[in-house]
Amino acid sequence: PRDDLLSAMIAAEERGEVLSEDELLASCMLLLAAGNETTTNLIGNGMLSLLRHEDQLDKLLGDPSLTESAVEEMLRYEGPVQATARTADADVEIDGHMIEKGKMLFVLLAAANRDPAAFPNPETFDITREDNNHIAFGNGLHFCLGAPLARMEAQIAFQTLFERRGKPRLVSDDVEWNGNFILRGLKRLPLAFG
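Residue numbers for the sequence shown follow this note's numbering, beginning at 4 and rising by one.
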């Protein structure tokens with residue numbers, strides 16, 4: 004055991020506190036997916052967005068202070084989490100449709116992040132977008148606890164890559180998505196530099 008979250012969870016389970024073995028395994032799987040795959044997909048999806056919008060890539064390379072804003076636009080425009088499942092805790096009517104208590108529904112975060120009522124020119128990838136109040140990390144009670152870490156990791160990844168390697172280019176426009184409805188990411192992203 005070490006001084007980290009997983010060790011603390013295991014120690015609590017061994018003492019008979021809080022987590023059953025199934026809960027411990029489920030929590031570990033959630034941490035793996037939430038802490039690894041989503042950030043990897045954020046970086047890959049974001050890089051592809053920059054490569055497909057070279058004017059935005061050039062703007063970012065010319066002004067690295069835009070990195071924070073660029074990552075926020077990547078989250079809005081091509082976020083790694085496209086949807087999330089929720090269970091209705093009460094009967095509710097939404098836009099004339101009745102949803103009964105206990106029914107599962109999908110919240111399409113990607114659609115909300117392209118809503119023209121919330122974002123001017125939602126189909127435009129703009130790393131200088133102001134008031135970028137996307138919901139890539141959810142909202143309220145279900146807001147992602149790892150959001151600050153994911154943002155920081157993506158910002159460091161882009162800054163470091165561009166500082167060390169310069170301007171990337173897409174080797175092939177033939178990119179393949181993972182085919183996952185909820186966690187959107189690339190299987191590979193063939194890049195070259197220089």
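Think of the CB as a built atom: it goes at the ideal place given N, C-alpha and C, for glycine as much as any other residue.
(message) If I follow the unbroken beta strand (DSSP E) through Arg172, where does it start and stop?
(response) From DSSP, the beta strand (DSSP E) with Arg172 extends over Pro171 to Leu173.
(message) The beta strand (DSSP E) that contains Lys106, what's its start and end?
(response) Taken as a continuous stretch (DSSP letters only), Lys106 belongs to no beta strand (DSSP E), as it is neither H nor E.
(message) By the three-class DSSP mapping on this structure, what secondary structure does Ile13 have?
(response) Here Ile13 sits in helix by DSSP.
(request) Take Arg89 as the anchor and find which of Asp58, Arg154, Leu111 and Ser72 has the nearest alpha-carbon. (result) It is Leu111 whose Cα lies nearest to the Cα of Arg89.
(request) Compare the Cα-Cα distances from Gln59 to each of Lys170, Ala37, Ser10 and Glu40 and report the closest residue. (result) Per the Cα distances, Lys170.
(message) If I measure Cβ to Cβ from Ala37 and keep anything under 8 angstroms in the same chain, skipping five residues before and after, which residues do I get?
(response) Correct list, in chain order: Cys147 and Gly149.
(message) Given a cut-off of 7 angstroms on the beta-carbon distance, is the pair Phe196 and Arg168 in contact?
(response) Yes, the Cβ-Cβ distance between Phe196 and Arg168 is below 7 angstroms.
(message) Quick check on Ile185: does DSSP put it in helix, strand or coil?
(response) It is coil, neither helix nor strand.
(request) Classify Glu24 as helix, strand or coil using the three-state DSSP reduction. (result) DSSP, reduced to helix, strand and coil, places Glu24 within a helical segment of the structure shown.
(request) Compute the Euclidean distance between the alpha carbons of Arg2 and Asn135, then round it to the nearest angstrom. (result) There is no way to answer for residue 2, as the model of the chain reaches only from 4 to 197.
(request) Return the CA-CA distance between Phe109 and Ala86, expressed in angstroms with no decimal places. (result) C-alpha separation (whole angstroms): 6 angstroms.
(message) So the candidates are Ser72, Gly19 and Glu81; which of them puts its Cα closest to the Cα of Thr43?
(response) Selected option, being the one with the closest Cα: Glu81.
(message) Taking a contact to mean a Cβ-Cβ separation below 7 angstroms, would you say Leu51 touches Pro83 in this structure?
(response) No, the Cβ-Cβ distance between Leu51 and Pro83 is not below 7 angstroms.
(message) Quick check on Val95: buried or exposed, where buried means 16 or more other Cβ atoms within 10 Å of its Cβ?
(response) Exposed: under 16 other Cβ atoms inside 10 Å.
(message) Taking 6 angstroms as the limit between beta carbons, can you name the residues of its chain near Gly141, skipping five residues before and five after?
(response) Short of 6 angstroms from the beta carbon of Gly141, and not among the five residues preceding or following it, lie these beta carbons of its own chain, in chain order: Cys147.
(message) Could you check whether Leu78 and His137 sit closer than 7 angstroms to each other, using their CB atoms as the reference points?
(response) Closer than 7 angstroms, so yes.
(request) Mind reading off the beta-carbon distance from Pro47 to Gly182? Whole number of angstroms is fine, and I expect it under 8 angstroms. (result) Rather than Pro, the amino acid found at residue 47 in this sequence is Gly. Wrong, their Cβ atoms sit about 14 angstroms apart, outside the cutoff.
(message) Whole angstroms are fine: how far does the CA of Lys104 sit from the CA of Asp92?
(response) When rounded, the distance between both Cα atoms is 5 angstroms.
(message) Quick check: what's the CA-CA separation for Pro123 versus Leu33?
(response) Whole-angstrom Cα-Cα distance: 34 angstroms.
(message) If I follow the unbroken beta strand (DSSP E) through Val95, where does it start and stop?
(response) Unbroken beta strand (DSSP E) run through Val95: Val95 to Ile97.
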